[in-house]
Amino acid sequence: MPEAITLARHIDAQSARERLARLGGANFEPAWVSLWAFGLGALHSEYAAWLLASQALTRPLLLPHAALTERAEKPSDELTLDGGEVPSRAPLSRQWFWERMANPKRWPLTLNESPPTPLWLPCWLGYTAHRQRRLVVLSGLSGQALPQLKPLVLSELKRRAHEGRRQSKRFLEESGG
Amino acid sequence: MEGFTLLDTGVLIGYIALIAWIGSRFGKNQHSPEDYFLGGRSIPGWAIGLSVMATQASAITFIGAPGWGFEGGLERLVTFLNVPLAMIVLILVLVPVFHRAGIYSIYELLERRFGPNTRTLTALLFLIARGLATGVVLYAPALVLAVVTGWSVNLTIVIMAVLAISYTVLGGISAVIWTDVTQMFVLWLGALLSVIFLVTSLPGGWSDVFAFGAESGLFNAIDLSLNPNVTYSLWAGLFGGFFLHVAYFGTDQSQIQRVLSSPSVPDAQRSLLIGGYLLIPQMLLFLFVGIILATYYQQNGLSAPENLNELLPRYVVETFPSGMAGLVIAGVFAAAMSSLDSALNSLSAVSIRDFYSRYIKRDASDAHYLKASRWATVFWGGYATLFAFFAGNLGPVIEAVNQVGSWFYGALLGTFLLAIFSHRSNARGAMAGLCTGMLAVWATTAFLDISWLYNNTVGVVVSVGVGYLVSLSAPAPSAEALADVIIDESAPDMQAILTARAGSAPEVGHEARLTRRRCLGLLVWFVLMLMMLALLQGWANA
């Protein structure tokens, strides 16, 4: 399997702060979500865009950049979330076909045959502080809200919290024993 | 009385050729993915919003609304007065759910929530309703062409249908945003020039219009009658028209498609906002054109054409300077073609995706589905053509489109509301609610003489009420079925996790929330419009 690409974060903390403020965010933090990039392109041309998908995503995200620009450093101390396994190509291709058919402007772009590239997508997580805590996921590339990623991020946060609790319980048991 | 001159014909052909060229040059072969997915970052949001409006209603507004104004003045504006309120509901409720679910067609949400039968039935209802409404949309440019050429309307309907089906099958005009915006301005320019030419031709100018309008009660937009039989009372507009527009903009795939494909929720909201702010002024402008035409006809002792839809096209052709008439008629033509293109495209896509690929030919190749979709376009073009022959008998075209929708959309909206808000409702309840909701609308129109604007309210109330009660007779839905409508983050354990994470994350600061600001703006706009109409009516009756 090829090494995961880490996409450069274009939206800095100040921009994310401003955007999240408009969406009701009270606190925020950077995060990374692992996804799989499938190339899209017109026949006999360079990749024109990418579909970012995983088995946990019901609809892939469109990444409208010709090239996946990589940053030098890998995600380390920031929150990293596992986006799930690589999805099968056939259903993804069929999904994209329906999207092309519904929108003639997308028709020339077809799913490329090359294997998917694993990548880390930069995000900003915003937490609102109204009657209930709510999560807002912003793209670290464009600053757009990505509600499609919310279920995935929430389930990953939950899994991490449970894992953390299990580890501390085990630690307490071991240290007590 | 110049009529449609050779120069006008040249402008008409040139304009359409130019739009088609721009569409094929910058629409189909564009290689910048930014253009594919984001409409180009350099294009301002207002242009995107205007483009949405242009494909929605501009051509039939141009043709239908002056007929309304001529006949009843501003009374039918209440049908649209509720649009800002409808947009608030869309922005706050439907758009976030649709976006989070990550769906291509909104009927998919109903399948995940209520099972495949509900998806099939709702998609079928969309096909029937949108197919019929497309007939009205087809009738509109055919009527314009008939006025211009002097041919029979039925012949021009067939010509227009063949033209529309051909270019949709060949890939569509793929109008780019700026051509849509141009069309919008051409139509507004046509209406404004009509106002100027008409008013300057009256001896007393505006004072004649206001005197005639006040004397004839044409400025009475607000009827406070509680009688449900009054078709255009304020209450019919607010409680009936409101559901009509929530259903139209929120549950019709051809309308919500752009919202679903918007890159983000704020982008989707923006396109709805433009409609929320501009639909009322646009209707007001075209209704005023009708009132001015009524004054003009009365002063010149003219008799109105039998078909009021012909009023404005006929006036434009007969009065505008040579060349200008061609431009305005071309604008109507191109805007209608753009609407037809997207309507036939969405009908064909839903036919293949929701029916053909699920029930007739599963797992066929992309090429096979593409071929099938072209045949589906031809089929829906034929279906719309048949209905277009009858569209002229339904009164002003804009009302015809809304009336067709009102037969189905209330029950459809009720099913969506049930899916989102009632976590106890299930497939049995949804199907029962949907069927009884439509039956109730049919019974209302057949046996009661109430305003057609209430049809949607009846559909929503009956489908939600029956749907909920019948749901109690079957087990509650599984957590999986509720995944799209229940937000995990509201569960207590998730709240604790989010609070813990937020506690250790930096603060954002305080600023007014964008969505709240946008909704408040729409509410203020609604109140302002209502006050303006009340003041106008008060002045006219004083």
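Same order as they appear, the protein sequences are chains A and B.
What the first sequence shows, in our numbering, is residues 1 to 177, in sequence order.
What the second sequence shows, in our numbering, is residues 178 to 719, in sequence order.
Just so it is clear, CB atoms sit at the ideal spot from N, CA and C, and this is done for glycine as well.
It should be emphasised that the depicted structure is a prediction, and the values quoted were computed from it without experimental measurement.
| Item | Value |
| --- | --- |
| Exposed unless 16 or more other CB atoms sit within 10 angstroms - verdict on B:Glu-487 | buried |
| Distance CB(B:Gly-500)-CB(B:Leu-195) smaller than 7 Å | no |
| Residue environment, B:Tyr-213, which counts as buried when at least 16 other CB atoms sit within 10 Å | Residue placement at B:Tyr-213 is flagged as unreliable, the pLDDT there being 33, under the threshold of 50; a coordinate-derived value is accordingly withheld. |
| Proximal residues, the region 261-283 of chain B versus chain A, C-beta separation under 8 Å | Pro-273, His-276, Arg-277, Ala-278, Gly-279, Ile-280, Tyr-281 and Ser-282 |
| Limits of the unbroken beta strand (DSSP E) element including A:Leu-52 | 49-53 |
| Meets three-Cβ-pair contact criterion under 8 Å: the region 324-342 of chain B and the region 250-260 of chain B | no |
| C-beta contact flag for B:Val-509 and B:Ala-338 at 7 Å | no |
| C-beta contact flag for B:Val-641 and B:Leu-594 at 7 Å | yes |
| CA nearest to the CA of A:Thr-185, picked from A:Phe-171, A:Pro-75, A:Cys-123 and A:Leu-52 | The structure shown does not extend to residue 185 of chain A, since chain A is modelled only from 1 to 177, so the question has no answer here. |
| Inter-residue spacing [alpha-carbon to alpha-carbon] between B:Gly-279 and A:Val-136 | 16 Å |
| Environment of B:Met-709 [buried if 16+ CB atoms lie within 10 Å] | exposed |
| A:Phe-28 - containing beta strand (DSSP E), residue span | 25-41 |
| Proximity below 7 Å, CB of B:Val-647 to CB of B:Ala-617 | no |
| A:Lys-150 at chain B interface by Cβ criterion, 7 Å | yes |
| Collapsed DSSP secondary structure at A:Tyr-127 in the structure displayed | strand |
| DSSP three-state assignment for B:Ser-393, whether helix, strand or coil | coil |
| Integer Cβ distance of B:Leu-517 from B:Leu-315, believed to fall under 8 Å | 6 Å |
| Per-residue burial, B:Asn-206 [other beta carbons within 10 Å of its own, 16 or more giving buried] | Confidence is the limiting factor: at B:Asn-206 the pLDDT is only 45, short of 50, which leaves the residue's position unreliable, though a coordinate-based value still follows. Its Cβ having fewer than 16 others within 10 Å, B:Asn-206 is exposed. |
| Buried or exposed (CB count within 10 angstroms, at least 16 for buried), B:Trp-383 | exposed |
| Among A:Ala-21, A:His-10 and A:Leu-111, nearest to A:Ala-90 - alpha-carbon criterion | A:Leu-111 |
| Whole-angstrom distance between B:Gly-249 and A:Leu-121, CA atom to CA atom | 57 Å |
| Chain A residues whose Cβ lies nearer than 7 Å to that of B:Leu-675 | Tyr-127, Arg-133 and Leu-135 |
| Buried versus exposed call for A:Ala-16 [16 or more other C-beta atoms within 10 Å across all chains shown] | buried |
| Contact check, B:Ala-317 vs B:Ala-513, beta carbons under 7 Å | yes |
| A:Asp-12 to A:Ala-145 span [Cα, whole Å] | 15 Å |
| Residue-level contact to chain A via CB, B:Ser-667, 7 Å cutoff | yes |
| Neighbourhood of B:Ile-193 by C-beta, 7 Å cutoff - its chain only, sequence neighbours within 5 removed | Ala-507, Phe-510 and Ala-511 |
| Residue span of the alpha helix (DSSP H) that contains B:Val-346, given as start and end | 330-346 |
| A:Ala-31 and A:Leu-152 closer than 7 Å at C-beta | no |
| Contact set between the region 544-559 of chain B and chain A, restricted to residues whose Cβ is under 9 Å from the partner | Tyr-546, Leu-547 and Ser-550 |
| CB of A:Glu-156 within 7 Å of CB of A:Leu-81, strictly | yes |
| Interface residues of chain B facing A:Asn-27 [CB-CB closer than 7 Å] | Ala-679, Ala-682, Pro-683, Glu-684 and Val-685 |
| B:Ser-599, DSSP secondary structure in three states | coil |
| Residues that A:Trp-120 bridges to, as DSSP identifies them | A:Thr-6 and A:Ser-34 |
| Residue range of the beta strand (DSSP E) that includes A:Thr-80 | 79-81 |
| Candidates A:Gly-164, A:Gly-143 and A:Arg-131: closest to A:Arg-22 by CA position | A:Gly-143 |
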